[in-house]
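Single-structure report; data block below.
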Amino acid sequence: MDAFLNRPEKQDQALMTSMEIPWVEKYRPRKVEEVAFQSEVVSVLKKVLEGADLPNLLFYGPPGTGKTSAAIALCRQLFRNTVTYRDRVMEMNASDERGINIVRNKIKEFARRAVSSHLPDGSPVVGLKVIILDEADAMTTPAQAALRRTMERESRTTRFFLICNYITRIIDPLTSRCAKFRFKSISSESQEKRLEWICQNENIEFDPLAISELIELCDGDMRKSVTALQTISSCHKKLIPTDVRQFLGAVPDDVVQQFVASCRSLNHNQLYACIENIRREGYGVYQLLKQFFYICLRLEDLTDLNKATICEKIGLIVSVLSKEGKKSNNSMKLCAIK
Numbered sequence: 001m002d003a004f005l006n007r008p009e010k011q012d013q014a015l016m017t018s019m020e021i022p023w024v025e026k027y028r029p030r031k032v033e034e035v036a037f038q039s040e041v042v043s044v045l046k047k048v049l050e051g052a053d054l055p056n057l058l059f060y061g062p063p064g065t066g067k068t069s070a071a072i073a074l075c076r077q078l079f080r081n082t083v084t085y086r087d088r089v090m091e092m093n094a095s096d097e098r099g100i101n102i103v104r105n106k107i108k109e110f111a112r113r114a115v116s117s118h119l120p121d122g123s124p125v126v127g128l129k130v131i132i133l134d135e136a137d138a139m140t141t142p143a144q145a146a147l148r149r150t151m152e153r154e155s156r157t158t159r160f161f162l163i164c165n166y167i168t169r170i171i172d173p174l175t176s177r178c179a180k181f182r183f184k185s186i187s188s189e190s191q192e193k194r195l196e197w198i199c200q201n202e203n204i205e206f207d208p209l210a211i212s213e214l215i216e217l218c219d220g221d222m223r224k225s226v227t228a229l230q231t232i233s234s235c236h237k238k239l240i241p242t243d244v245r246q247f248l249g250a251v252p253d254d255v256v257q258q259f260v261a262s263c264r265s266l267n268h269n270q271l272y273a274c275i276e277n278i279r280r281e282g283y284g285v286y287q288l289l290k291q292f293f294y295i296c297l298r299l300e301d302l303t304d305l306n307k308a309t310i311c312e313k314i315g316l317i318v319s320v321l322s323k324e325g326k327k328s329n330n331s332m333k334l335c336a337i338k
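So in the UniProt record's numbering, spot 325 of the sequence shown is number 325, and the numbers just go up one at a time.
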């Protein structure tokens, strides 16, 4: 009896395996040509695979647009098998190890290793190593300066793939030594196709409006959308807009509309009371401001000057909140939008 109870069903095992694998990894592009909506980058990387010179690369752009996936896919195709990939590719998240010591020790030690231009079976392979530095814009300036020297000294055997959101945070001596590629935000149509394909592949029922809500609330971040999709699907059998909005912390439309009406009433007491109600309900300030911003843009009776003024106020509020945090009076800062 114990043996029967302890023996998991095959179906349960398959379900556990499916849920244990993050979908962002399960559906990550395996080949360069599978990277979506980055045609210029893909065309250049395909030429590298065909035999063109491989320079140091700098991928920059919004999060969730395929920068890391493109770098990993390129390395997989360059080195062809898992053993060679693990031996010749070092992946690092620079936001975790951002100081100069990591460059002096870990990176320099790996870069100095010699590699062969042939695999153990005698087949030819690129005689290079690759260091992938994700979130490179989080590295300190001294660490970036030390990395520049390492890039120069080990240029014969090592290539660096720098990945960042903000290219302005990378020092000029590094950017000048890399081929720069900007990753565009993935179009809503491309995201819809990919998310619907994942739903079909995972046997998830979905409302097309829920997919649209997911894309909008994730701000075009494909990684965030896929992660949210996996989490929501583990709790609900069918993907519907209400569940998506609740999971991602969206403020209900009627609450935002009430806030808009209070702002337009020009009554400070009414506006403050509305803000207090929103605060007691526990809705996020940033999410409220984002939804309020999009509604204001669609209001036809507001002039461009009015909209510009509102955008400026929202920017000031977000700046104050980010600097002062819990010390700031969120309610009064929101009232300032009037």
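All residues carry an ideal CB built from backbone N, CA and C; glycine is no exception.
On the three-state DSSP scale, how would you describe residue i?
{"i": "Asp301", "result": "coil"}
{"i": "Pro142", "result": "helix"}
{"i": "Leu214", "result": "helix"}
{"i": "Leu321", "result": "helix"}
{"i": "Leu248", "result": "coil"}
{"i": "Ile314", "result": "helix"}
{"i": "Ile295", "result": "helix"}
{"i": "Lys31", "result": "coil"}
{"i": "Asp137", "result": "helix"}
{"i": "Ile21", "result": "coil"}
Starting from residue i and walking both ways along the alpha helix (DSSP H), at which residues does that stretch end?
{"i": "Asp253", "result": "Asp253 to Ser265"}
{"i": "Glu281", "result": "His268 to Glu281"}
{"i": "Leu74", "result": "Lys67 to Phe79"}
{"i": "Val125", "result": "Element bounds for Val125: n/a, residue is neither H nor E."}
{"i": "Glu40", "result": "Ser39 to Leu49"}
{"i": "Lys108", "result": "Lys108 to Ala111"}
How far does the beta strand (DSSP E) with residue i in it extend, from its first residue to its last?
{"i": "Phe59", "result": "Leu57 to Tyr60"}
{"i": "Glu91", "result": "Val89 to Asn93"}
For residue i, I'd like the list of residues in its chain whose CB is within less than 6 Å of its CB, leaving aside the five on either flank, ordered along the chain.
{"i": "Leu45", "result": "Val32 and Leu74"}
{"i": "Ser233", "result": "Ile204"}
{"i": "Arg169", "result": "Asp137"}
{"i": "Ile171", "result": "Gln144"}
Can you list, in chain order, the residues of its chain whose CB lies under 8 Å from that of residue i, leaving out five sequence neighbours each side?
{"i": "Val251", "result": "Ile278, Tyr283, Gly284, Gln287, Leu288 and Gln291"}
{"i": "Thr227", "result": "Pro22, Trp23 and Val24"}
{"i": "Val318", "result": "Tyr286 and Leu289"}
{"i": "Arg148", "result": "Ile171, Pro173, Leu174 and Arg177"}
{"i": "Ser225", "result": "Gly64, Gln191, Leu195, Leu214, Ile215 and Cys218"}
Less than 7 Å between C-beta atoms, sequence neighbours within five positions excluded: which residues of the same chain meet that for residue i?
{"i": "Thr150", "result": "Val103, Ile107, Lys108 and Ala111"}
Sufficient close CB pairs (3 or more, under 8 Å) joining the region 155-173 to the region 125-134:
By the criterion of at least three beta-carbon pairs nearer than 8 Å, the region 155-173 is in contact with the region 125-134.
Return the chain-ordered ranges of every beta strand (DSSP E) run that is complete within the region 143-207 and spans a minimum of 3 residues.
The region 143-207 contains these whole beta strand (DSSP E) runs: 158-164 and 179-182.
contact_flag[the region 106-115, the region 174-185] where n(CB pairs < 8 Å) is 3 or more
no
The region 235-250 touching the region 265-280, judged by at least three CB pairs closer than 8 Å
no
Check whether the region 198-213 and the region 48-57 are in contact - that is, three or more C-beta pairs closer than 8 Å.
Too few Cβ pairs lie closer than 8 Å, so no.
Taking contact to mean 3 or more Cβ pairs, one atom from each stretch, closer than 8 Å, check whether the region 79-94 and the region 217-237 are in contact.
no
In chain order, which alpha helix (DSSP H) runs of at least 4 residues are fully inside the region 218-246?
222-235
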